[in-house]
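Working notes, beginning with the structure itself.
In the numbering used here, the protein residues as written are -18 to 141.
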């Protein structure tokens, strides 16, 4: 996942997750569940020279429910990620710890008779809890940040 920054005050990140996913059997044919676990590695950068190396884990559950036989569906995708970080500069005692909880819910359906065109309306809620500590740099030696974000998207896709 690449997050671009627009100014030097913004933070950008490069994060890669490597894991396993499998389909979980359910007693209902319309319900599909795919649990996922992954190791996460990456970096975050703010301004020039403030770089943090990140590592952690990620847990996901990709779920969908088919609504009838016309292709309509609901999705629910909860995700939890824990990251620990250290500045890439040697000798620094700073530490970062972050927990990110995300839930995507959505409704989708085909919008063409041949099934090539699809639309999806979704809502994603993200809660990020981050703590950073570095002796003498922050008030009390620690900085805590909580961020809540809501994003609504309408997408149209073409499958050939």
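Glycine included, every Cβ here is placed at the ideal spot set by N, Cα and C.
Option in the options with minimal Cα separation from residue i
i: residue 33; options: 87, 47, 79, 67; result: 67
i: residue 137; options: 9, 101, -3; result: 101
i: residue 81; options: 41, 89, 57, 141; result: 41
i: residue 45; options: 128, -2, 9, -6; result: 9
i: residue 69; options: 84, 36, -3, 131; result: 36
Contacts around residue i, its chain only, beta-carbon distance under 8 Å, and the 5 residues preceding and following it disregarded
i: residue 38; result: 18, 19, 20, 21, 62, 63
i: residue 5; result: 14, 15, 16
Limits of the beta strand (DSSP E) - the one that residue i falls within
i: residue 38; result: 31 to 48
i: residue 106; result: 98 to 114
i: residue 54; result: 53 to 68
i: residue 91; result: 76 to 91
Local Cβ density within 10 Å of residue i, reported as buried at 16 or more and exposed below that
i: residue 23; result: buried
i: residue 54; result: buried
Neighbourhood of residue i by C-beta distance below 7 Å, restricted to the same chain and skipping five residues each side
i: residue 86; result: 56, 57, 103, 104
i: residue 52; result: 90, 91, 96
i: residue 120; result: Reliability fails at residue 120, whose pLDDT of 45 lies under 50, so the model's placement of it is uncertain and the value that follows must be treated cautiously. Taken in chain order, the list of residues that qualify is empty.
i: residue -1; result: 19, 20
i: residue 48; result: 54, 55
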